[in-house]
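Enquirer: Once you know that position 491 of the sequence shown is 514 in the numbering used here, the rest is easy, because the numbers rise by one and skip nothing.
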Amino acid sequence: MSIERDVFQKESDDDRYFDWKGREADPRKHGGTRAAAFACVVEVLTNMVFLANASNFVRYFLLSMHYPHATAANMVTNFIGTSFLLSILGGFISDSLFTRFTTLIISSIIELLGLILLRIQAQHAKFRPASGATPSRSQAAILYTGLYVVATGVGGINASLPAHGADQLDHCNQRLISTYFNWFFFSLCLGGLLSCTVMVWVEENKGWNSSFTITSIALSLALSIFISGSPFYRHKRPGGSALTRIFKVLASTVRNWKASPEERVLENQYAVSAINSNGVNVRSHNKYKFLDKALIDSTVSAAQVKETKTFIGLLPIFASTIMMNCCLAQLQTYSVVQGSTMNRKLHNFEIPVQSLTVLPLSVMLASIPLYERFRRILGDKNSAKSHIFQPLWRIGVGLALASVSMAVAAIVESQRRKVAHKNVTLSFFWLGWQYLFLGVSDMLTLGGMLEFFYSEAPDSMRSMSTSLSWCSTSMGYFLSSVLVSIANSLSGRFGKEWLGGADVNHSRLDLFYTLLCILNTLNVLNYLYWARKY
């Protein structure tokens, strides 16, 4: 029974929180909704900074750095994808080496240094190519260094900030955790709205130098606000490298694959069962029983096997969300191309192309308080239906709505092409339907993923598990590029490329949307299989 006692002692230690001075946290002073609210405020500013730069880098690369169109577009795609992908590294550091608080401060400083470098390049002509010339090696080196220093900082912030906010709340109150992630997503969208309205105006009227200056000041303000909340935060100490422990369990499982069970295995399995009856993340532990073979190794503990089983159980759900994010990528690519050919006038005002994402962001912002209101009414009056607000149900509905959005997008694009050949221009607001469905889809899916991966993750891997949400977004963007290449390659063999050429009126974007609808519908069926199995 000593193994059981040791495991329980470890779990008890994992549940302890400390204040910023290293003393044990006082529930009356530390944590709670007040402390979590700081994370939401900071997210507004940090996401505004990221999206303000990401959405306008294409024009900066074209007009100031004189890169070709294709190169500029690929540079932006790679920057966004890398920023989200690096959140996995940020999550690993946040769980293993530093507290989430420290990781966020370091990441913010790193991003700020990258922004300052980009600002210096934008301000001084000697660091930019002359008119009609391409950047020199040194000029390109400054640009790429600034870009990927910013991407590194963004990855660390995305990994640590949502988990830090959720750490402030009572984990026994799942509804409170769910509400927090909803409002965190609201803050994310609000930052996006500011980036495509206020920051677009700044870049259009005041120039790149002013834009980099304002985003640097905004990030500094976000960092100051975050640090000012230090007296109210509670922190968890990092638990060492969870990946090392997982690889150790996997290696031991392979090494003992053909070994016969020993008496110690049974004793450790009892300890695992005891943990399951005492913890909250129990659904994955009766699966992947082949990992119990690792317990033959005396250096592998029951807690490590539990940790590995729990994390592996999250991966099929993660993989099932990538296709939805591939659909979401169209909002910032081909949907913007569509909108640029449509009538964007609102009375006497013409909506800038960079601000076309205002519509889906507005939908997302409106959907969150409506969702909270609907959940409060339905959940309170009919507890039998409250299961529909659980993260797995929420993600499933979001994935299904992505298919609906792509079907609607295909119909609208088909109609737009039809009237364009008759020299008639549709209103931009016809895109509102696909934005409506995809906006609600993103709210349900990303909010559900953040809540699911945080709540179901091992205590020692909450930052890295939450980062799977951003990693899914990154892989969705990369998958979109791959599908475009495959679609063009195959369609080119049978006639004309669907997405070839500069004129969207002669492309077959409607067929590409149809392809995405079919692929995502198949993905929904795949998700349902894994969700039910979970």
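From the three backbone atoms N, C-alpha and C, an ideal C-beta is built for every residue, glycine too.
Predicted, not measured: the structure shown is a model, and the values here were computed from it.
Judging by CA-CA distance, which residue of D42, S504 and A148 is the nearest neighbour of Y357?
Expert: For Y357, the nearest C-alpha among the options comes from S504.
Enquirer: Any idea what DSSP makes of H258, helix, strand or coil?
Expert: Three-state result, H258: strand.
Enquirer: Report yes or no: do the stretch 430 to 443 and the stretch 531 to 539 share at least 3 C-beta pairs separated by less than 8 Å?
Expert: Yes, since at least three Cβ pairs between the stretch 430 to 443 and the stretch 531 to 539 fall closer than 8 Å, the two stretches touch.
Enquirer: Might you give, ordered along the chain, the residues of its own chain that have their beta carbon closer than 7 Å to the beta carbon of A174, omitting 5 neighbours on each side?
Expert: F102, T105, S106 and L109.
Enquirer: Give the DSSP bridge partners of L369, in chain order.
Expert: In the DSSP output, where bridge partners are listed per residue, L369 has F372.
Enquirer: Taking a contact to mean a Cβ-Cβ separation below 9 Å, would you say P158 touches Y256 in this structure?
Expert: No. Outside cutoff.
Enquirer: Excluding five sequence neighbours on each side, which residues of the same chain lie with their C-beta closer than 6 Å to the C-beta of A480?
Expert: Closer than 6 Å at the Cβ level, and outside the excluded window around A480, lie S488.
Enquirer: For the alpha helix (DSSP H) that D533 lies in, which residues bound it at each end?
Expert: Taken as a continuous stretch (DSSP letters only), the alpha helix (DSSP H) holding D533 covers L532 to K556.
Enquirer: Just the C-alpha distance for M365 and A189, rounded to the nearest angstrom, thanks.
Expert: Looking at the two C-alpha atoms, the distance is approximately 42 Å.
Enquirer: For the 8 Å Cβ check, are there 3 or more pairs between the stretch 245 to 255 and the stretch 63 to 73?
Expert: In short, these stretches touch, since the Cβ pair count reaches three.
Enquirer: Do T94 and F84 come within 9 Å of each other at the CB atom, strictly closer than that value?
Expert: Result yes, Cβ atoms of F84 and T94 sit closer than 9 Å.
Enquirer: State the DSSP-derived secondary structure class of E226, mapped to helix, strand or coil.
Expert: Here E226 sits in helix by DSSP.
Enquirer: Are the beta-carbon atoms of E330 and I237 separated by less than 9 Å?
Expert: For E330 and I237, no; Cβs fall outside 9 Å.
Enquirer: Assuming contact is defined by CB atoms lying nearer than 9 Å, are G214 and F73 in contact in what I supplied?
Expert: Against a cut-off of 9 Å, the Cβ pair of F73 and G214 comes out as a contact.
Enquirer: Just verifying my parser: in three-state terms, what is the DSSP assignment at F41?
Expert: Residue state, collapsed to three classes: strand.
Enquirer: T56 to R516, Cα distance in whole Å?
Expert: When rounded, the distance between both Cα atoms is 58 Å.
Enquirer: In whole angstroms, what separates the C-alpha of M347 from that of D315?
Expert: Spanning the two alpha carbons is a distance of roughly 34 Å.
Enquirer: Tell me the DSSP secondary structure of E479 in three-state form.
Expert: Note: E479 maps to helix in three-state DSSP.
Enquirer: Could you give the DSSP three-state label for F504: helix, strand or coil?
Expert: The sequence shown places Ser at residue 504, rather than the Phe named in the question. S504: helix per DSSP, three-state reduction.
Enquirer: I'd like to confirm the pairing. Which residues does DSSP put opposite S450 in its beta bridges?
Expert: Note: S450 sits in a beta bridge opposite N366.
Enquirer: Below 9 Å between beta carbons: does that hold for L424 and S464?
Expert: It is a contact, given that the beta carbons lie within the stated cut-off.
Enquirer: State the DSSP-derived secondary structure class of E520, mapped to helix, strand or coil.
Expert: Three-state result, E520: coil.
Enquirer: For the alpha helix (DSSP H) holding S253, just list the boundary residues, first then last.
Expert: It is not in any alpha helix (DSSP H) - S253 carries neither H nor E in the DSSP assignment.
Enquirer: By the DSSP assignment, the alpha helix (DSSP H) with P414 in it spans what residues?
Expert: P414 to A443 is the extent of the alpha helix (DSSP H) around P414.
Enquirer: Considering only C-alpha positions, which residue in the set F412, W43 and G230 is nearest to Q197?
Expert: When only C-alpha atoms are compared, the closest one is F412.
Enquirer: Assuming contact is defined by CB atoms lying nearer than 9 Å, are L127 and F204 in contact in what I supplied?
Expert: No, they are not a contact pair.
Enquirer: Roughly how many whole angstroms lie between the Cα atoms of A241 and S478?
Expert: Taking the straight line from one Cα to the other gives about 31 Å.
Enquirer: Measuring CB atoms only, is the stretch 380 to 389 touching the stretch 451 to 469, in the sense that at least three cross pairs come out at less than 8 Å?
Expert: Short answer: they touch.
Enquirer: Classify N6: buried if its beta carbon has 16 or more other beta carbons within 10 angstroms, exposed otherwise.
Expert: The first residue shown for the chain is 24 and the last is 557, placing residue 6 beyond what the model contains.
Enquirer: Quick check on this structure: which residue in D320, A186, Q457 and A325 has the alpha carbon closest to the alpha carbon of T276?
Expert: When only C-alpha atoms are compared, the closest one is D320.
Enquirer: Check whether the stretch 129 to 143 touches the stretch 179 to 188, counting contact only when three or more Cβ pairs, one atom from each stretch, lie closer than 8 Å.
Expert: Yes: the two stretches touch, three or more of their Cβ pairs being nearer than 8 Å.
Enquirer: Tell me where the alpha helix (DSSP H) around D118 begins and ends.
Expert: Taken as a continuous stretch (DSSP letters only), the alpha helix (DSSP H) holding D118 covers S110 to S119.
Enquirer: Whole alpha helix (DSSP H) runs in the stretch 180 to 242 with 4 or more residues, listed along the chain?
Expert: Correct list: 197 to 228.
Enquirer: Under 7 Å Cβ to Cβ from K519, same chain only, skipping five residues before and after it: list those, please.
Expert: No residues qualify anywhere along the chain.
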